[in-house]
Each structure stands twice: as C-alpha cells, then as structure tokens.
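Below you'll find the structure, written out as structure tokens, and then a few comments.
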Amino acid sequence: MKRLVLVLVVLPALTASAACGGAAAVQCDQNSTCDLNSGGICSTAGTGNRWCAYPDASCPSGFRYSTFQVGDGLSGVCVATGMDAVALPSTCGPAGTDSCCNSPLIDGGMYFRSYDVANDHSSGKLIGEPVDMNSPATVTGFRLDKYEVTVGRFRAFVAAGQGTLMMHPAAGDGTHPRISGSGWEAAWNASLTPGTTSLMAALKCTSTNPAGFATWTDTPGSNENRPINCISWYEAMAFCAWDGGYLPTETEWNYAATGGSQQRAYPWSNPPSDLTVDALHASYADGTSDNPDCHGDGMPGCALTDIVNVGTKSQGDGRWGQSDLAGNLDEWVLDYNNESTFYVNPCTDCAYLTVSRYRVLRGGDYRNNAIFMRTAVRTSNPPQNRAPSFGFRCARTP
Ligand SMILES: [Ca+2]
Ligand SMILES: [Ca+2]
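With the sequence shown counted from 1, adding 2 to any position gets you my numbering.
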C-alpha cells in the first residue's frame, strides 16, 4: 500500500503554536467538517492526524491539503494517491465504527476450487451439478478487503477524476503480484467512459434493469456505506489499481469464501458442512429471478435497501473476517471465464487470462436464491456490462 512519507519538523514546545497570525492546526473528524469548499474530504496523514483537503486536478490524487489550519507540514501539499491518503471516516461494519478500508490477511494454503464438504449434489460450479475435487489450487497468503467497495470509497475515486478515458490507469497498473502480464492494458482505455460526467451518468445504471437500484448518488447521501454497483469490470480494475491493490483472482476469491482447506459450504459455515442460511447471514432472496423476494432489509419485496450497508450481516463473515462474500452484490474478479473447462489446471496462484467474452463474478447477490450463496457457485458477464447486482472488492499484498 502506498504510504505518505513525511518530513517531521520537531519544534521546541514553546514555539509549537503557529506564528505570524496563522491559525492553529485543527484536525477534522469527517468529510462534512471540511466545508470551506465543495468536495472537501477529511484525509488521514501518515502521522494518523486528519486534515481537510479539497479537489485539485493538478494533484495526481485529485486532492490538495488546505492551507488553513493544516499541520504536519502538509499545508497546501498534494494528498498522496490511493485510499491510504484519501481516508474515510470509520463508519463500516455492524457497529458503523470500522474502517471501510479494512483488509484482513488470509493465510495461504491448498484447497479445491468449487468444492465444499457438504457435497449435497446441487451446488457445483454450475447450479444443479455436484461438486468435485478435480480442481486443486495453491494460494499464497494475501489480503482481501473485508468489505465490498462502498459508494463513499468510490466517491473519492470519482472526485479524483479517475476511472475515465481522461484519467485511465497506466499500462501495467493493478498487476497481480504473482501473475505477470495481469495488469491494465492500454487497449482497455477505450472501455472507460470519456470523463467524470459520463461516468457519474453511467453509475446510475439507467440502461439496465431494474431501474432505481443504483447506489451511486452525485452528492453524498444515505448510500455512502452501501456497496457501489453498476460498475463495469474495467472500473473495478481501475479502482483497485488506484487504491494500491488489485482485483482478486477467482481462485483467491473462492479460497477466501470457502475458508481454504476447510471447504465451507457457505462462507460462515462452521462446521464447514453446516447449511444454515438466513437473513442474518446474507442479503439474498427467495422466489424466482423474475419475481424475487429480497431479504436484505427485512421487508417484503425488493428495494434498494435490500443492498445493505457493508458488513451489517456480520454473522455471515468468512473464516478470515471478510463480510458479504455471499450475497449483497456479485463481485467481479480478475479472470476471464473459460467457457469450456472452467478452471486452469494445475494452479499455483493462477488466473485464466486468455481473452474470452466474459469475466467471472462470484458470490451471488441480493436478488439470488440461497443456492447462489454457496461458495462453489460461479457466474460471468461481459466486462463492459453494468447491473445493480454487480460490485467488487480489492486484494492486496500482505
Ligand atoms: Ca426486501
Ligand atoms: Ca458479495
């Protein structure tokens, strides 16, 4: 992760207060505190102190620290790139007090992809098919974000002008640390929207159904801790690169969900064969795909509120603490979909990167039946597609 390097100036105690009429340094506690100009954020410096910063297109991060009441020698300095610098208030999780950027460590090991020990003959890599042990894989330890990327986190990316043809990732950005050639490709630039205005319009997902389920709002509102949806695979990839991480591989994602060698049926299954599933564990649905009854918000029928604030179904957390791996939003991963053999074999930190029409999504979503919450199940979609059910999370080096 990118870290801000600071030069600390140690002043004698009696001269620590600002001189020449300058205001004393005052830390912020949330973005709304930073209201001198529009788009202000409360950014965390390398010292852990929090200072106001405002949009400035001349900074690579898109933000510059205020010249008013900012300490740590950062007055008027560009904020460093990535989420470490553009830090958000800690408002995620069941108590609303956890950092939305939390990224727990996952121990490496060996497991079988699309396999679980419940083995009840209906939840293989295709719905209705049995699981099998034909796809062993070895995964090196890594970090996987605890939460699906929130609207609030994505807002900092949008505010920085990122994820557009105007400000696309550089070739090679977001490369998986153990898979050469897995980073951003220049040919993908044209798959981004032209600029921030068109990106914000696209995030409203009006061209796909059901309309009215987009979590993005042009100004901060009540969805800041819901997961961002209606993002293309390209925007997910660009975000993770900007954020100092990368999109997890399908193999890594499945490893996290099934608890590695425990081979859990659901991410929360403990013992691993336990088939308990209810609305305390995940945002999912009963009914048919045309007429689902979504359980996320505890109210009958499906509404935007069935896309729940990340981490609030904490009984559904996985072996290493990741939330909402099953349900809420389907999650884009790095791999193309191999439509014939599904998995690369043999596999050590592998990904399927041969170009095909589809990229893989994992975990099921708020409109899906419980069977889609099973850790073995997989799906895919064209990478340019947007839907209210599509989200993502990022992986990182330990
Ligand atoms: Ca509902
Ligand atoms: Ca999910």
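C-beta: ideal position from N, C-alpha, C; glycine also.
- Counting along the chain, Y360 sits inside no alpha helix (DSSP H), nor does DSSP assign it H or E at all.
- Between the stretch 374-381 and the stretch 218-235 there are fewer than three inter-stretch CB-CB distances shorter than 8 Å, so the stretches are not counted as touching.
- For D351, the closest of Q164, G73 and R180 by C-alpha to C-alpha distance is R180.
- Short note on E150: C-beta closer than 7 Å to some heavy atom of ligand 2.
- Between T307 and F144, the gap from beta carbon to beta carbon reaches 8 Å or more.
- Its chain contains T99, D100 and S101 as the residues whose beta carbon lies nearer than 7 Å to that of S92, once the 5 sequence neighbours on both sides are disregarded; these appear in chain order.
- In the displayed model, T35 falls within a helix according to three-state DSSP.
- Taking 7 Å as the cut-off, one finds no heavy atom of ligand 1 near enough to the beta carbon of D326.
- Within the chosen limit of 7 Å, ligand 2 reaches the beta carbon of E333 through at least one heavy atom.
- Here the alpha carbon of N387 sits roughly 8 Å from the alpha carbon of C232.
- Inclusion of M301 in the 7 Å shell around ligand 1 follows from its C-beta lying nearer than that to a non-hydrogen atom of the ligand.
- Separation of E187 and P171 (C-alpha to C-alpha, rounded to the nearest whole angstrom) is 9 Å.
- In the three-state scheme derived from DSSP, where H, G and I count as helix and E and B as strand, V153 is classed as helix.
- Exclusion of the five residues before and after H178 leaves S184 and Y248 as the residues of its chain whose Cβ lies within less than 6 Å of its Cβ.
- When rounded, the separation of the alpha-carbon atoms in K127 and V133 is 7 Å.
- When only Cα atoms are considered, D280 and E226 end up about 25 Å apart.
- With respect to the C-alpha of C304, the residue from L194, S316, A287 and A267 having the closest C-alpha is A287.
- Under the criterion of beta carbons closer than 8 Å, P229 and V151 qualify as touching, at roughly 6 Å.
- Annotated as proximal: A353 and L336, with beta-carbon spacing under 8 Å.
- Contact check for A258 against Q324 passes: the beta carbons are separated by less than 8 Å.
- Remark: the C-beta of N330 is in contact range of ligand 2, defined as less than 7 Å to any heavy atom.
- Annotation: the continuous beta strand (DSSP E) that includes S45 extends over I43 to T46.
- The DSSP-derived three-state label of F65 is strand.
- Within the same chain, and ignoring the five residues on either side of G366 in sequence, the residues whose Cβ sits closer than 7 Å to its Cβ are Y286, A328, G329, D332, F374, M375 and V379.
- In this structure, G365 has its beta carbon less than 7 Å from a heavy atom of ligand 2.
- Within the stretch 183-265, no run of beta strand (DSSP E) reaches 3 residues while sitting entirely inside it.
- Relative to ligand 1, the beta carbon of H297 is positioned inside 7 Å of a heavy atom.
- As DSSP reads the structure, Y113 sits in a beta bridge with A139.
- DSSP places A158 in the helix class (H, G or I) of the three-state scheme.
- Between the alpha carbons of A55 and D292 lies a distance of about 46 Å.
- M135 and S182 have their C-alpha atoms some 27 Å from each other.
- Not one heavy atom of ligand 1 is found less than 7 Å from the C-beta of C242.
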